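Everything below concerns the one structure shown next.
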Amino acid sequence: MKKVPYRNQFSKVIVFSLVVTLLFSVSLVAQDTVAESGDAVVAEDSGASSGDAAAGKALFNQNCAACHALDRKMTGPALANVESRLAEDEGLDRQWLYAWIKNSPGVIKSGDAYANKIYNEYNQAAMTPFPTLTNADIDNILAYTAAPPPAPATPAAGEASTVASGASSGGISNEVILGALALVFALLVVMLFLVNNTLRRIAEANGISVEKEMAEKRVPIWKAFAQNQFLVLVTVIFLLLGSAYFAYGWMMQIGVDQGYAPIQPIHYSHKIHAGDNKIECKYCHSSARVSKHSGIPAMNVCMNCHKSIYEYKGNPEGPSKEDLANGYTNEFYTNEIKKLYKAVGWDEQNQKYTGETQPIEWVRIHNLPDFAYFNHSQHVSVAGVECQTCHGPVEEMEVMYQYSPLTMGWCINCHRETNVKVEGNEYYEKIHAELSKKYGVETLTAAQMGGLECGKCHY
Amino acid sequence: MASNKKYWKSEAELNPNDSIVEALRQNEFVEQIPVDDFLGDKENLSSTSTNRRDFLKYIGFSTAAASLAACEGPVVKSIPYVVQPENIVPGVANYYATTIANGFDFASVLIKTREGRPIKVENNTLAKVGGSANARVQASVLSLYDSTRLQGPMANGEPVEWDALNAAVKAKMGSLKGSSKKAVLLTQTYASPSANRLISDLMASNENVSHVTYDAISEDAALTAYEQVYGERALADYDFEKADLIVSIGADFLADWQGGGYSSGYSKGRVPKNGKMSRHVQLEANMSLTGANADKRYALTPTAQKIVLAKLYGKLNGTSVGGNTSDYDGIVDQLVGEIKKAGSNAVMVTGLDDVNAQTVVLAINKMLGSKAFDPTSPRYVRQGNIKMLETLISDMKAGRVGALIMDGVNPMYSLPNAADFKEGLEKTDLSVLFTTNWNETAEVVQYAAASNHYLESWGDIEIKKGHFSLMQPTIKELFDTKQFQSALLSWMGSELSYYEYIRETWNQNILNGASWNQALQDGVFASETMAIAQEEEPVSNAGETDAVTEVSAVPIASAIRSLANSTSNGMELTLYSKVGMGDGQQASNPWLQEFPDPITRVSWDNYVTISRADAEELGVENINVANGGMDGNYVNLTANGVTLENVPVVVQPGQAKGSVGLSFGYGKTVGMKEEMQTGVNAFKLYEGFNANQSVSIEKAAGNHEFACVQLHKTLMGRGDIIKETTLEVFNTKDHSEWNHVPQVSLNHQEVPATSVDLWESFDRSIGHHFNLSIDLNACTGCGACVIACHAENNVPVVGKHEVRVSRDMHWLRIDRYYSSEDSFEADNIKKEEMDGLWGDKGSLGGFGEMEHPADNPQVAFQPVMCQHCNHAPCETVCPVAATSHGRQGQNQMAYNRCVGTRYCANNCPYKVRRFNWFLYNNNEEFDFHMNNDLGKMVLNPDVNVRSRGVIEKCSMCIQKTQKTILDAKRDGRVIKDGEFQTACSAACDNGAMVFGDVNDESSMVSELKESNRMYHLLEHVGTKPNVFYHVKVRNTNEA
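For the protein sequence lines, the chains are A and B, in the order given.
Just so we're aligned, residue 181 is where the first sequence starts under the numbering used here, counting upward by one.
Just so we're aligned, residue 225 is where the second sequence starts under the numbering used here, counting upward by one.
Written as structure tokens, this is what we have:
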């Protein structure tokens, strides 16, 4: 199978990187702490303005971050040093900013020249007014914006390179140890052989040849075995059965791609999205509720969030050692977001769609054959089955893989064991009452409801 | 009285000595499969170069190779939308109401789309007029994905840009302004308020422009007659539901007569209710679909029809009409008696291409005050004007036409005088043709402009006065195409798109304040103001019509005279359009090519139909050959100096002696795949746009191989398939007499066969239990269900040869049985009285005397699909349990489990299982729609595409029932009656097929199951089917 090598390669890489990670975990932790303390220093330095930059940061993230960043254009302009910039370029003071933030449409209406300029520059998308923010709040925010933006996380690249070099050194030391062991072992063998030879010679010298006579009398064990027809028969049967068992087992896994985890054009981490950020599965796979397909989300769904999330900042503690060992650095993820931008045709600089799109060709993981009909909405909406029941702990999957075998036996088993969720569904009322009376049970399984009939899935 | 008529499917069956029929009745194949010949030939076997060891090596190698190949899992790519359209959810179908108006078919339909691809046509049940899709309309969705479509504009056969084409046309139109030459638009019938407004706008802006409408199959006579009487060029409308007596003289109104769409109303009146049903008398030459449904059918040549019509009018009016032939007086007296009795409940229609005849029929209906006759709000679906067309051609030949712009027409194919037209084209400075396909006319024009399919177009249609429909695109243009109206707008320098133009028209003239969005969603809009106007009209009209009658009194008299004195010389040819092919616009549609004609059951061909007597005289015949196929002799047809050579012959029971029939729509060659180039072009004989021509006919050499499903699938000698009775018996006798349940002996006692069973029954009272009801009275045999089934279930097209060798894949077939009560009653008595082999009552001579019973048979249609037997014979013989039964009554087929033993097909008493002899998709040998990416877009993603070596059959549309159930589960509600549908029941606008849940006591189908007329097919077999039929009742009560 084509996929198997992929999978093996992948697992090899994982094992290999695990070894590396274990070897170098100590040094990584050390570097992390250094980076963190560096951040802290920067933050302290920036708190020099009239407001409280820390409180400003919280407010900024709460109110502004959806449309503004410090150092880049988003839906709205970059806000780093916005106050000083306005004062220098446009001669506008903090009062203007108060008015603008609290009621931007009003300022625009009043005919303010700069307000209108900026309004038109940003596609006439008016800024949401924030009348609830007090002047003090705005001071805090401005204090935050006045602080120099945190330096990009350059250490990450350095780490990656050290990891790479570290990996090769780890290999060498292992080989040395193994070589030494092999040498010792070989020495032992040679010694034993020599001892044996010496003893034999001593025996010969003493004229003793008991062993040989014994050997001549004895029938060799393989001959004895061959002569015992019963034993041969039993063994043959056993061997045949055994090989049949393994052959069957091997053949039954043909086409069952459990664990299939192909490399995708964009490294999309379900762990980050569904796990770390707790995005509900059906936010993106919305058609699972109404359609037979769960649907790979269209890229405009990605852009709902990724319009503003243009870089990966990772955990507050920084990337874990495992991630780093795999090369999953923040930069790596940010690059993957850039891939999305390229595919969807998003011009980051001008915050505009260019119209040049390159649809992503995802590698399909769950391939049900064409002759099997499966409907997501039946399971998700009607039965209320959790996505994880079939797809496994997706929220922990850095790389998506096929969790369940997706064989017919697997389907059938579940249909036999699972009770149909009939409560509150008027459709089931009559049939449930009649069927449970017929079978004399309280709850009905999908199988009892007719869920094992061939035609329910094959047509 | 149980009907003990003898039914037969082929004339050959009437010949008791026909060995093939007998063999087919007993065996699966006529000849033994020559296994012994092959294996018994020792010499041949031993001389082969492959010895046993090599053979085993090959087997081993290929097995190993196949297993290795199987281990390679394919990498499947999934490509999501970049920006997902708001109303598209992958996996969920969207429906859009639109309207087909291709100049021949006009119908309001719903289009099912999946992921933006139109995949199926369904009836628009909101439409009061034109809401039924016939077989061609059902198939039209496949024509959208025709790989032979014109993909961009062409100039003299070379691809060109639209800009260049537009510039050329604009320049020419501009230069024509004020010159002596004309610019002419030659178009199909639009019946479109916006298109008409657009064209009159154009004519207003440029005085040199004129507009000629051209219908390939003309209704000019009827239009002219109506225009003479009512002053508007339109067609009177008829509501056959309101008629107690329908007299049709050569009008195939269940098919395409005057635009068609009448079958729904007709069928409603045909179902006996309270002991009453309509009576239908048909006088015609060809055995038409309508004639096949008639209670009484007279086979008369067109000339005889005219004479009868004239005499009928005379008798009804009490005037003498002259004419000498008195052969038909009996028929006339009979008809007059019936019509007089029915009075205003009678209606009369005619399909004669004769203004006189059409005028007389209008006069008769008016005289009767027929309730079914509606001249006040006429239909606009045919507008073609022969006079204007002829003027145009002569103008062209005289060099008076500067520009000819055509849309939706193919005159080089459909004009009898195509050579004149070509000559004229050569003298025309600019010629442009808007066409979807490269065709005969596209070859000779300068610019062939690729036009949109109707599913890619905007449009509006007024099928009937006051009843408007909208056409909206259901998919973006697949190719670089443009619709004619948009091009016109841009040539006129308008900034509007055609969509905006239509909205403008509707806001100004039609909507009258009503919601455009609502009209667009419904697809239809019945104007209230117009309805009011209609109600008022009769009052004001009453005086006018009287005046008109008086004015036209003199023309009627002369019309009658000329009708009464019609004479004929030689054979009379009646040209007709087939249900499956129409005027041939969709000749490249494989579904329609493979659709067997309801009457002859021949697919992939047209042919001359001829009566048995004439066939014998000419020495032509049909021969049933060993592989079950049918062959026919060739004849040459000559009319007005035009000869069609090598036209195959079908001996047609019921064909009037002295007449022959030939269908339009075939014989297209240009721009068609080779396999689709079938039949001969009957338009060449369509002299003067008159479907009735006198021809001479002579036998030609050679035999033609038909792809005919007629003799195939005999019922192995088992009768009792169609039960029928007369209205009189139905009303007066107990149902046990006319709907007799076969008796069997149980414990030495006669009991009904339905009460005996080998098997224990499952309890089917819980949950859904699906049944399909088929009313043989309402079924007209139109075949819309056959195509709907094709579209819904991805049924493959197998091609002419495969059909011929009885490998057709139709899941649903419409069996056609001939009967002949009058002669068979006598024949049965005679047969029973036969005694010995020789002598007066001897069977040898006796059977010989029973020849010619087929001169005018009665016909019955019976749709047969898998009967979903509760005790299915197929299920018990499957060695791998691939076919099994569901609790909901469906006989299920797991294709992936089937190994192709075909035991089930052999054991099926109804012969409804189909075997995939080949891989029909992605196969160069079957170059139909499933062999190219474009054609595959029509496939229903919810249904498997079957592979080679498996049996397939009707699933009772389990994908549709499951969908309905799932929707109800998701909404948490109970399913209402009518929600469950199969493709065939949804397509049947005649109400013949009703599908539903019999466990739901309130459902229509459970009510129908309790009817006295209900019976199952082959009840004595004890299969307990879930499909049931209703006994056909014929209204034979004469006078």
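C-beta: ideal position from N, C-alpha, C; glycine also.
The structure displayed is predicted, hence computed values, not measured ones.
Using beta carbons (cut-off 9 Å, strictly below), is A/Tyr607 in contact with chain B? yes
Count the other CB atoms, across all protein chains shown, that sit within 10 Å of the CB of A/Asp456; report buried if there are 16 or more and exposed otherwise. exposed
At the level of alpha carbons, what is the spacing between B/Tyr723 and B/Gln696? 9 Å
Which same chain residues, not among the five before or five after A/Cys637, have their C-beta less than 6 Å away from its C-beta? Ala552 and Tyr553
Measuring only between beta-carbons, confirm whether B/Arg1197 sits less than 9 Å from chain A. yes
In three-state DSSP terms, what is B/Ala1207? helix
List the endpoints of the continuous beta strand (DSSP E) containing B/Lys1256. Lys1256 to Arg1258
Cβ of B/Trp715 within 8 Å of any heavy atom in the ligand SAM? By its list of ligands, the structure shown contains no ligand whatsoever, and the ligand SAM lies outside what it can speak to.
Do you know whose CA, among A/Ala327, A/Phe512, A/Ala404 and A/Tyr533, lies nearest B/Val306's CA? A/Tyr533
Are there 16 or more other CB atoms within 10 angstroms of the CB of B/Asn1259, so buried, or fewer, so exposed? buried
From which residue to which residue does the beta strand (DSSP E) around B/Asp1032 run? No beta strand (DSSP E) holds B/Asp1032; DSSP gives it neither H nor E.
Continuous alpha helix (DSSP H) stretch holding B/Cys932: start and end: Looking at the DSSP string, B/Cys932 is not in any alpha helix (DSSP H); the run it does join, the beta strand (DSSP E), is Asn916 to Cys932.
Determine the chain B residues that contact A/Asn547 at a beta-carbon separation under 7 Å, and present them in chain order. Val300
Provide the residue(s) that pair with B/His691 in DSSP beta bridges, ordered along the chain. B/Lys688 and B/Ala750
Reduced DSSP secondary structure (H/G/I, E/B, other) of B/Trp481: helix
If you run the structure through DSSP and keep just helix, strand and coil, what is B/Asp242? coil
Does any residue of chain A bring its CB to less than 9 Å from the CB of B/Ala750? no
Inspect the CB distances between the stretch 448-463 of chain B and the stretch 598-618 of chain B and report whether three or more fall short of 8 Å. yes
Is A/Asn354 near A/Leu239, with beta carbons less than 9 Å apart? no
Quickly, what does DSSP pair B/His1109 with across the bridge? List them, please. B/Asn1115
How would you label B/Ala771, buried or exposed, when you count the other beta carbons within 10 angstroms and need 16 or more for buried? Model confidence at B/Ala771 stands at a pLDDT of 40, short of 50, so the residue's coordinates are unreliable; what they give is reported in the following sentence. Flag for B/Ala771 reads exposed.
Going by other Cβ atoms of all chains shown within 10 Å of its Cβ, with 16 needed for buried, is B/Pro762 buried or exposed? The pLDDT assigned to B/Pro762 is 41, lower than 50, so where the model puts this residue is not dependable, and the model offers no usable value.
Would you check if the distance between the CB atom of B/Gln1112 and the CB atom of B/Phe994 is smaller than 9 Å? yes
Could you compute how far the alpha carbon of B/Ser721 sits from the alpha carbon of A/Ala627? 56 Å
Given this structure, state the Cα-to-Cα distance separating B/Arg1194 from A/His571, to the nearest angstrom. 22 Å
Distance between B/Ile734 and B/Gln879 (C-alpha atoms, nearest Å): 47 Å
With a threshold of 9 Å between beta carbons, is A/His473 in contact with chain B? yes
How would you call B/Asp1213, buried or exposed, if buried means at least 16 neighbouring beta carbons within 10 angstroms? buried
Check each residue of the stretch 518-541 of chain A: if its Cβ is closer than 8 Å to any Cβ of chain E, include it; give the result in chain order. Considering every chain present, this structure includes no chain E. Its protein chains are A and B.
Opening and closing residue of the beta strand (DSSP E) in which A/Pro285 lies: Unbroken run through A/Pro285 is the alpha helix (DSSP H), Ser284 to Lys289; no beta strand (DSSP E).
Spatial distance of B/Ala673 from B/Leu657 (CA atoms): 6 Å
State yes or no: is the C-beta of B/Leu1158 within less than 9 Å of the C-beta of B/Ser371? yes
Mind reading off the beta-carbon distance from A/Lys493 to A/Glu578? Whole number of angstroms is fine, and I expect it under 8 Å. Their Cβ separation, rounded to whole angstroms, is 17 Å, which puts A/Lys493 and A/Glu578 out of contact at 8 Å.
B/Asn1017 - DSSP class collapsed to helix/strand/coil: helix
Proximal residues of chain B, C-beta to C-beta of A/Val562 below 8 Å: Leu1190, Lys1193 and Arg1194
Can you find at least 3 beta carbon pairs, one from the stretch 919-930 of chain B and one from the stretch 811-820 of chain B, that sit closer than 8 Å? no
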